[in-house]
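A.B. asks:
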Amino acid sequence: MAVIQEVDRKKGTGYRVVYRNKDTGKMSSRMFDEPDKAQTFKDFLEANGASLKAAIEVKRVHDKRLPRVHEIVTAHIDQLSKPQSGTIKRYRNNNAGHIVDSNLGKLAIDKVTKQAVIEWMDGLRAVKGSNVPVGSELSQRTKKNIHALLSSAFDTAVHDGKMTKNVAKGVGDPDTGEAREAVYLSKDDLVIIEDAMPERYKLFIRVLSKTGLRYNEATALRKRDIRIEGKRCIIMVSRAWKATDEGEKIGPPKTEMAKRNVTCTLELSADLIEHMKDMRPGQYLFTRPDGEFLRNSYFHKYTWQPAINELVKNGGLDEKPWIHEIRKAHTTHLLQAGVAVNVVQARLGHEDPQTTLKIYARLATDDDQKAADALG
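First residue of the sequence shown: 105, per the numbering used here; consecutive thereafter.
Written out as C-alpha cells, the structure reads:
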C-alpha cells in the first residue's frame, strides 16, 4: 500500500509517495509539488497492484482521454447563454489568440498548476487583429479580461466534476500586481488632444468632450439624430454600435437610461450645424475617409494611438489616456462645476448615480487639496 508523506523543502512543502514496487520488489518513492498530483499517483498505483509499469501505462491512456485546457475553455464558451453574441465572439477570439496554441492551452487539465497559469500570463502578448502591434505588451486590463475567461472556464470544469479545483483563481499579473491608474484629463488636456487630431476628427473629439457620449454612441450618430431648436443642437441618443458574431451591428444603447437627449453648447451646436449642412438625413456624422463606419479598433490604431504617443513623447501630455477617459473627464468637469449629480447621471446615461460619483471620486484630483486648504 502506498503512503503520502509531507516533506519540508527550501522551495516549499513536497509530497512524497512511498510504495513497494511490485515490478522490482523494492521500496520506491516519487516526489510531487502538489498534494493533488501525489494523490493521483497513489491512486493509480493502488489501482494497478503497486506496479509502476502498469500504473504509467494506464495513466498514459487516461491522459489521452483528458481534455486539454483550450477544450475546456471552448466547452465553457459553448454553454454560455446570457452574454450577447459580441461578447461570445470576443471570448472565442481570446481563446483562439491567447489560449489554444499556448503551452498552457495544450496541457491536459490534470497537469495544470498555478505556476503554469502565472507563466502563461507573463507571456501574453498582442496578436493579429489587436489595436496595438503584434507582440506588444498587453495592458493590465486586457490581461485581466483574458485571465477571467480562463478562470471562469475552470470554475465550470470544477462544477462539472472535470477538475478538482480552479488553480487560476486569485492569480493576478505577476509583472506589476497593480491596476492601471485612471488618467485625469483637464479641459486644457482635451483641447490639446483635439488639436493633435487630423482635421477630419477634430469635431468628433470635440463632441466626445462636450457631450460625454460613449464612443459607440457618437459613431452611430446620423444627421437625423440631431434636433435643432433655434441655434441649439440636441443629440437624440437611441442607437449604438455593438459587436456581434457577424461583425459590428447597430442596436439600442447599453441600457434603458442610455436612451437620452443630450443638449449641446451653442458653440458646439454651431460647429455641428455647419458640419451637417450638406449631409443627407441618414448619413453618419463621423466616418473613415472611405465613408465606412469609424470602428474603434481602426480609429485607435491609425489615429488615437499615434497622436497620443506623440503628445506624450513631446510633453503635451504626461500620461496616455484611453479614449473612454474623455467621457469620464466630462463627468468630472460637470460635477466640479456644481452640476447636480442626478443631472449629470441623466446626461451620461448612467443607470446608478453611484457610477457617476465613483468616476468623480477617482478623478477629482484637486478636491482633496481644496478640502485641506479650507481648514486654514
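For each residue, glycine too, the CB sits at the ideal point set by N, CA and C. Model, not experiment: these values are computed from the prediction.
Counting only the same chain and skipping the five closest in sequence on each side, list residues whose C-beta sits under 7 Å from that of Q109.
C.D. replies: Exclusion of the five residues before and after Q109 leaves R120 and V122 as the residues of its chain whose Cβ lies within less than 7 Å of its Cβ.
A.B. asks: From N365 to M340, what distance separates their C-alpha atoms?
C.D. replies: 5 Å
A.B. asks: Report the three-state DSSP secondary structure of G351 (helix, strand or coil).
C.D. replies: strand
A.B. asks: Hey, how far is the Cα of N413 from the Cα of A257?
C.D. replies: 36 Å
A.B. asks: Excluding the 5 residues preceding and the 5 following H174 in the sequence, name in chain order all residues of the same chain whose CB lies nearer than 6 Å to its CB.
C.D. replies: I203, V204 and G209
A.B. asks: Jot down the residue ranges of each uninterrupted beta strand (DSSP E) in the region 258-333, minimum 3 residues, whole runs only, in chain order.
C.D. replies: If we require 3 residues or more, the beta strand (DSSP E) runs fully inside the region 258-333 come out as 330-333.
A.B. asks: Taking the alpha carbon of I192 as the point to measure from, which residue in K346, D226 and S206 has its own alpha carbon closest?
C.D. replies: For I192, the nearest C-alpha among the options comes from K346.
A.B. asks: Could you pull the DSSP bridge partners for Y497 from this structure?
C.D. replies: Here the chain has residues from 105 to 480 only, and residue 497 is not among them.
A.B. asks: Could you name the residues of the same chain whose beta carbon sits closer than 8 Å to that of F397, not counting the 5 residues immediately before and after it, in chain order?
C.D. replies: The answer, listed in chain order, is T323, W345, E352, Y388 and T391.
A.B. asks: So, helix, strand or coil for K391, using DSSP?
C.D. replies: It should be noted that the sequence gives Thr, not Lys, for residue 391. T391 falls in the strand class under three-state DSSP.
A.B. asks: Have a look at A441, Q440 and T435 and flag the residue whose alpha-carbon is nearest the alpha-carbon of P457.
C.D. replies: T435
A.B. asks: Alpha carbon to alpha carbon, what distance is there between N198 and A362?
C.D. replies: 28 Å
A.B. asks: In the DSSP assignment, what are the bridge partners of S133?
C.D. replies: Partner residues in the beta bridge of S133, as assigned by DSSP, are V122.
A.B. asks: According to DSSP, what are the bridge partners of Q109?
C.D. replies: R120
A.B. asks: Enumerate in chain order the residues of its own chain whose CB-to-CB distance from K157 is below 6 Å, with the five nearest sequence positions on each side excluded.
C.D. replies: D127
A.B. asks: Tell me whether the beta-carbon of G315 lies closer than 8 Å to the beta-carbon of D140.
C.D. replies: One point to set straight first is that residue 315 is Thr, not Gly, in the sequence displayed. Not closer than 8 Å, so no.
A.B. asks: Return helix, strand or coil for T359, following the three-state DSSP convention.
C.D. replies: coil
A.B. asks: From what residue to what residue does the beta strand (DSSP E) around R336 run?
C.D. replies: R336 to V341
A.B. asks: Report all residues from its chain with a CB closer than 8 Å to the CB of E150; omit the five preceding and five following residues, and keep chain order.
C.D. replies: So the list reads M105 and A106, once near-sequence residues are dropped.
A.B. asks: Taking its Cβ as the centre, do 16 or more other Cβ atoms sit within 10 Å of M115, making it buried, or is it exposed?
C.D. replies: Per the sequence presented here, residue 115 reads as Lys, with Met not at that position. With fewer than 16 Cβ atoms within 10 Å of its Cβ, K115 is classed as exposed.
A.B. asks: Quick one: give me the first and last residue of the beta strand (DSSP E) that V238 is part of.
C.D. replies: Segment: none, V238 is in no beta strand (DSSP E) and carries neither H nor E.
A.B. asks: Check V443 in the structure and name its three-state DSSP category.
C.D. replies: The three-state reading of DSSP puts V443 in coil, since its state is none of H, G, I, E or B.
A.B. asks: I'd like to confirm the pairing. Which residues does DSSP put opposite A212 in its beta bridges?
C.D. replies: R172
A.B. asks: Suppose you measure from the CA of G274 to the CA of Y195; what does that come to, to the nearest Å?
C.D. replies: 20 Å
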